[in-house]
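Residue numbers (our numbering), protein chains in the order written: chain W, 15 to 296; chain Z, 15 to 296; chain S, 15 to 296; chain B, 15 to 296. For each residue, glycine too, the CB sits at the ideal point set by N, CA and C. All of these numbers come straight from a predicted model, not from anything done at the bench. Below is one structure, written out as structure tokens, with a few remarks after it.
Protein chains: 4
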Amino acid sequence: MGATLTTPQGTAALLAAVAGGLAVHDLGRQLVQGMPQSPNHPPYWHALPRRHGDVVRADGGSAANDLITMGTHVGTHIDAFAHVSHDGKLFDGSDAAEAGRGGRFAELGVHTIEPMVRRGVLLDVPAALGEPTGCPAGYEITADDLAAAERLQGTPVRPGDVVLVRSGWGRLFDDPDRTVYQGKETGVPGVGEAGARWLADRGAHAAGADTIAFERLAPGGGHASLPAHRVLLVERGVYIIETLVLDGIAAAGVHEFLFVLSPLPLFGATGSPVRPLAVVGA
Amino acid sequence: MGATLTTPQGTAALLAAVAGGLAVHDLGRQLVQGMPQSPNHPPYWHALPRRHGDVVRADGGSAANDLITMGTHVGTHIDAFAHVSHDGKLFDGSDAAEAGRGGRFAELGVHTIEPMVRRGVLLDVPAALGEPTGCPAGYEITADDLAAAERLQGTPVRPGDVVLVRSGWGRLFDDPDRTVYQGKETGVPGVGEAGARWLADRGAHAAGADTIAFERLAPGGGHASLPAHRVLLVERGVYIIETLVLDGIAAAGVHEFLFVLSPLPLFGATGSPVRPLAVVGA
Amino acid sequence: MGATLTTPQGTAALLAAVAGGLAVHDLGRQLVQGMPQSPNHPPYWHALPRRHGDVVRADGGSAANDLITMGTHVGTHIDAFAHVSHDGKLFDGSDAAEAGRGGRFAELGVHTIEPMVRRGVLLDVPAALGEPTGCPAGYEITADDLAAAERLQGTPVRPGDVVLVRSGWGRLFDDPDRTVYQGKETGVPGVGEAGARWLADRGAHAAGADTIAFERLAPGGGHASLPAHRVLLVERGVYIIETLVLDGIAAAGVHEFLFVLSPLPLFGATGSPVRPLAVVGA
Amino acid sequence: MGATLTTPQGTAALLAAVAGGLAVHDLGRQLVQGMPQSPNHPPYWHALPRRHGDVVRADGGSAANDLITMGTHVGTHIDAFAHVSHDGKLFDGSDAAEAGRGGRFAELGVHTIEPMVRRGVLLDVPAALGEPTGCPAGYEITADDLAAAERLQGTPVRPGDVVLVRSGWGRLFDDPDRTVYQGKETGVPGVGEAGARWLADRGAHAAGADTIAFERLAPGGGHASLPAHRVLLVERGVYIIETLVLDGIAAAGVHEFLFVLSPLPLFGATGSPVRPLAVVGA
């Protein structure tokens with residue numbers, strides 16, 4: 015980063031644009047114990063080893079602090095290229111088992127994902143389909159659906175963009191039955207193989223969704239096959255962002271924005287929890 | 015967030031400013047096992063419960079994933095107001111012990127910190143002091159030092175800014191003796207009580223440093239007293255960001271920038287690991 | 015421990031009894047990811063940060079090792095007196111909130127449980143009830159049931175014994191639906207308030223069961239009330255051991271045995287995973 | 015287990031021996047945050063996610079519980095055969111990398127260690143050497159030293175015994191400088207290759223020590239070579255128990271005892287924290 019020749023004037027212009035007023039839309043889920051997630055990953059668990067009043071210093075000060083255990087694919091998160099392999103190979107053609115030797119992916123781990131400050135586009139598929147509450151459970155979002163959303167909104171995807179695909183499934187995140195959002199029984203709507211190719215062909219830098227798996231999942235089907243992961247992470251080099259909050263920007267009609275995401279540089283890990291932002295100007 | 019009335023034109027201006035070219039400076043440390051940290055907090059530990067090749071699906075796909083355990087005040091991180099109390103009270107005057115009942119801080123936890131997209135200012139204290147390698151160990155950075163840096167650079171702090179105070183101590187982060195950066199024996203340079211008041215008086219929204227504790231620590235002194243934490247987190251409501259990487263922007267002469275930080279919304283936690291960005295225009 | 019005056023002759027007699035032949039029955043469940051447990055506790059999760067071949071020393075040697083995260087009330091485990099309070103008081107009459115200040119129970123934590131090498135008695139309630147497959151779901155095991163089992167077996171409980179109460183529910187531990195053993199919908203058979211008083215009146219040192227909660231749980235009822243925990247842990251000072259494997263000793267007709275349990279001395283914790291043994295002679 | 019034909023009479027004899035009076039010596043270290051350990055393993059960390067008073071039920075009851083993160087080779091612990099390989103092979107000749115595929119050792123994991131209820135022998139090497147405070151730092155305990163201790167005590171090792179080798183180093187466990195017990199600078203006394211062969215030749219079922227590594231470590235040497243681990247775990251099939259508390263039984267003159275150890279059956283793990291017992295009769 016930082017290869018671009020920057021100037022005080024350029025920064026001044028940027029700060030002036032910011033000073034004109036911004037709205038910052040939060041696209042990340044709160045991390046809370048018991049939130050819905052894939053059971054393949056260690057759940058988020060939090061405790062305070064020290065609370066206020068446990069140890070008070072002579073000067074009246076006291077600190078509280080945390081212990082966290084979690085997987086990196088829980089809550090809103092990004093997948094590094096190290097996460098998925100096909101026929102034993104990662105995106106860079108390297109041997110996947112070899113790349114993870116030592117318990118860390120030095121080459122394609124999440125620490126290698128550069129922070130994103132890029133144009134973002136929301137593709138509101140339910141709006142394009144005329145399905146106000148969202149895509150049906152188990153629905154495969156096709157390339158045509160994505161193109162229809164793009165046309166309807168007037169926000170063509172350009173190379174380097176981050177493309178967030180709304181299915182409407184996010185409304186189920188807070189269902190009291192925490193397994194509903196997982197959709198094991200019902201299936202989950204999502205992008206299929208053809209849709210994934212469309213995203214890659216358009217030059218998306220990263221693709222996101224308001225579901226756990228990004229993919230279309232068949233009812234009762236589990237993860238027998240994850241073609242969108244294969245296409246995006248292994249074949250084409252497009253990052254995947256999952257469990258996003260997209261209903262807010264959809265309701266606000268925000269289809270184009272400055273997308274900001276700064277993954278934790280967890281050395282050698284396969285993913286990171288993130289809190290992405292959609293920034294719009296006034 | 016999102017209270018501002020935004021317009022497509024505003025967003026277009028913002029994207030135009032971005033399209034003109036950006037440099038994104040990464041201010042976060044990689045999270046790696048064994049990195050220097052305060053021993054008061056659970057260390058960062060990472061493992062891959064599943065590696066590629068462990069379980070290969072019939073379609074040739076395989077996933078690797080992570081298990082993470084850590085405190086929230088390790089690596090580059092932000093302190094929520096819930097982190098520190100004085101005489102039993104938090105920033106909002108609430109009873110600190112009561113606020114943490116249930117093991118989570120509903121009111122002042124790190125999930126209440128709004129993402130920051132703000133003007134940022136680096137105060138390069140070693141440059142102002144004429145100390146090329148950095149402030150001496152255990153040196154207290156005074157209000158005058160901060161004002162001198164501001165003047166020398168021509169970047170006055172304005173209300174709402176995020177102010178990053180460089181001490182030069184960050185050069186020790188990668189010392190083979192992982193306790194050197196902690197500075198228990200030597201002391202650590204940092205802002206003292208008067209400097210903290212200066213930052214709050216100038217209206218800083220958050221203050222950061224390239225050290226673990228932000229504060230000036232006396233040699234051998236440990237944490238007997240943390241006046242800057244008291245002033246900033248308890249009295250004045252200024253967030254603290256620690257263990258930042260500041261040498262890069264200092265070397266590049268970047269003293270003013272768009273500061274972006276999006277803490278993980280860990281419900282009720284006292285802090286969050288973060289990867290802040292300093293964005294400059296071309 | 016060790017207050018008794020011991021002699022080489024005493025040890026020789028003990029070793030002679032052992033040398034005559036022993037059968038050691040394992041009463042502990044394997045700890046495996048995804049095993050049934052109460053959702054109130056952090057699940058058991060295991061990973062290998064280092065595997066063989068990751069780092070091979072010049073001499074050809076290599077080590078693999080583990081990272082574990084877990085609650086202490088998962089798998090087969092023992093409850094310390096610190097685990098449960100009633101009306102704000104622990105077993106020793108101390109203020110429960112105060113006792114846990116600092117995040118550790120110095121007085122009644124699991125580290126204060128002395129290892130047990132004692133007479134153990136299995137009370138096989140299904141056999142006494144003439145219910146071959148086990149007590150019905152949600153059945154309350156009464157004092158009469160316990161007395162009937164004791165009579166039928168001819169193994170009266172004596173002061174200081176560890177009493178293991180079999181309900182037959184353990185057969186459901188390996189049900190493919192991992193929530194069946196929790197019995198949230200069906201209820202779970204177990205000792206009620208009167209049965210708990212009977213156990214304490216007989217002088218039991220500890221009481222165990224083949225269920226997660228020891229208690230009788232009503233269908234759909236959750237943990238609204240846990241009277242046996244109150245009686246045993248708070249009022250009478252009897253330890254509770256849960257999620258035991260009891261079908262094997264029941265099938266073998268082993269109702270009396272040397273019970274051995276050595277909890278991990280986790281300083282200040284409220285419980286410990288354990289692997290208790292029932293030792294019988296030849 | 016349980017293959018032996020057992021009889022009520024045999025159990026009665028065993029219980030009679032117990033009823034005659036026992037002393038149970040605890041050979042395990044308390045697990046406390048910050049205790050000395052090898053830095054190769056995740057440290058023990060404990061927190062209470064819920065304390066008394068956080069959530070009080072309508073009936074006045076309240077529960078406190080724990081979150082634990084740790085390695086399995088911290089505190090007093092046992093090494094499974096899966097822990098160490100040599101030239102790519104484990105004890106059973108299997109390919110070590112292959113055996114750990116899937117992140118768990120199905121064959122030689124710690125869950126395969128049967129609970130031990132066996133004769134135990136303490137070999138008090140400092141007593142045999144006439145070194146009252148313990149073996150010198152970095153001293154290699156030889157086969158002759160072990161044989162001398164055995165002779166002096168009059169407690170010959172027999173096949174199937176568990177042999178605990180006291181070096182005297184355990185006195186340093188509570189040194190305020192928590193790195194002293196690790197002995198990186200000083201070296202640590204322990205059994206060398208020849209001593210390990212002597213233990214295996216005598217038919218030891220398991221061998222233990224009052225140090226972290228069991229082995230003799232050279233000053234400043236680290237773990238360049240661990241011949242005793244190779245001999246015991248890879249070549250001969252003898253379990254290793256580390257960080258034992260042996261000074262108490264040595265001071266009491268207890269050289270022969272009933273040794274009881276019941277490792278947690280952590281499926282597929284390379285070791286387990288344990289709390290072993292030395293039981294002697296009255």
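Helix, strand or coil, according to DSSP, for residue i in the structure here?
i: Z/VAL259; result: coil
i: Z/GLU164; result: helix
i: Z/HIS100; result: strand
i: W/GLN23; result: helix
i: Z/HIS39; result: strand
i: B/GLY209; result: helix
i: B/ALA151; result: coil
i: W/ALA232; result: coil
i: Z/LEU291; result: strand
i: S/GLY366; result: The requested residue 366 of chain S is not part of the displayed model; chain S covers only 15 to 296.
i: Z/ARG216; result: coil
i: W/VAL124; result: helix
i: B/ASP189; result: coil
i: S/ARG115; result: coil
i: Z/GLU270; result: strand
i: W/ASP159; result: helix
i: S/ARG65; result: coil
Check the C-beta distance from residue i over to residue j and give it rounded, since I have them as a contact under 8 Å.
i: S/ALA299; j: B/GLY117; result: The structure shown has nothing for residue 299 of chain S, since chain S only spans 15 to 296.
i: S/ALA185; j: B/PRO279; result: Ala is not the amino acid found at residue 185 of chain S; the sequence shown has Arg there. Going by Cβ atoms, the distance from S/ARG185 to B/PRO279 rounds to 19 Å, so no, they are not a contact pair.
i: W/GLY35; j: Z/GLY24; result: 7 Å
i: B/ALA94; j: B/ALA283; result: 7 Å
Inspect the beta-carbon positions of residue i and residue j and report whether they are closer than 8 Å.
i: W/THR90; j: W/ARG43; result: yes
i: B/ALA210; j: B/ALA242; result: yes
i: B/MET130; j: B/VAL245; result: no
i: Z/ARG64; j: Z/ALA77; result: yes
i: S/GLY152; j: S/ALA232; result: yes
i: B/VAL139; j: B/ALA163; result: yes
i: W/LEU258; j: W/LEU178; result: yes
i: Z/ASN79; j: W/ASN79; result: no
i: B/VAL98; j: B/TYR58; result: no
i: B/GLY204; j: B/SER181; result: yes
Could you tell me which residues DSSP pairs with residue i in its beta bridges?
i: Z/SER286; result: Z/ILE92
i: S/THR59; result: According to the sequence as given, residue 59 of chain S is Trp; it is not Thr. Per DSSP, S/THR83.
i: S/SER76; result: B/SER99
i: S/MET130; result: S/LEU275
i: B/GLY204; result: B/GLU154
i: Z/LEU45; result: W/LEU280
Residue i to residue j, Cα distance in whole Å?
i: B/LEU104; j: B/GLY148; result: 34 Å
i: W/GLY168; j: W/GLU256; result: 24 Å
i: W/GLY16; j: Z/VAL38; result: Residue placement at W/GLY16 is poorly supported in this model, since its pLDDT is 40, which falls under 50; the coordinates are not used for a value here.
i: W/GLU249; j: W/LEU143; result: 29 Å
i: Z/THR156; j: Z/LEU213; result: 11 Å
i: S/VAL268; j: S/GLY285; result: 27 Å
i: W/ASP40; j: S/HIS219; result: 55 Å
i: S/ALA30; j: S/PRO277; result: 27 Å
i: W/GLY85; j: B/GLY134; result: 42 Å
i: Z/THR83; j: S/PRO146; result: 45 Å
i: B/PRO56; j: Z/PRO50; result: 15 Å
i: W/ARG165; j: W/VAL32; result: 29 Å
Hey, does residue i have any beta-carbon neighbour from chain A nearer than 8 Å?
i: Z/TRP212; result: Of the protein chains in this structure, namely W, Z, S and B, none is chain A.
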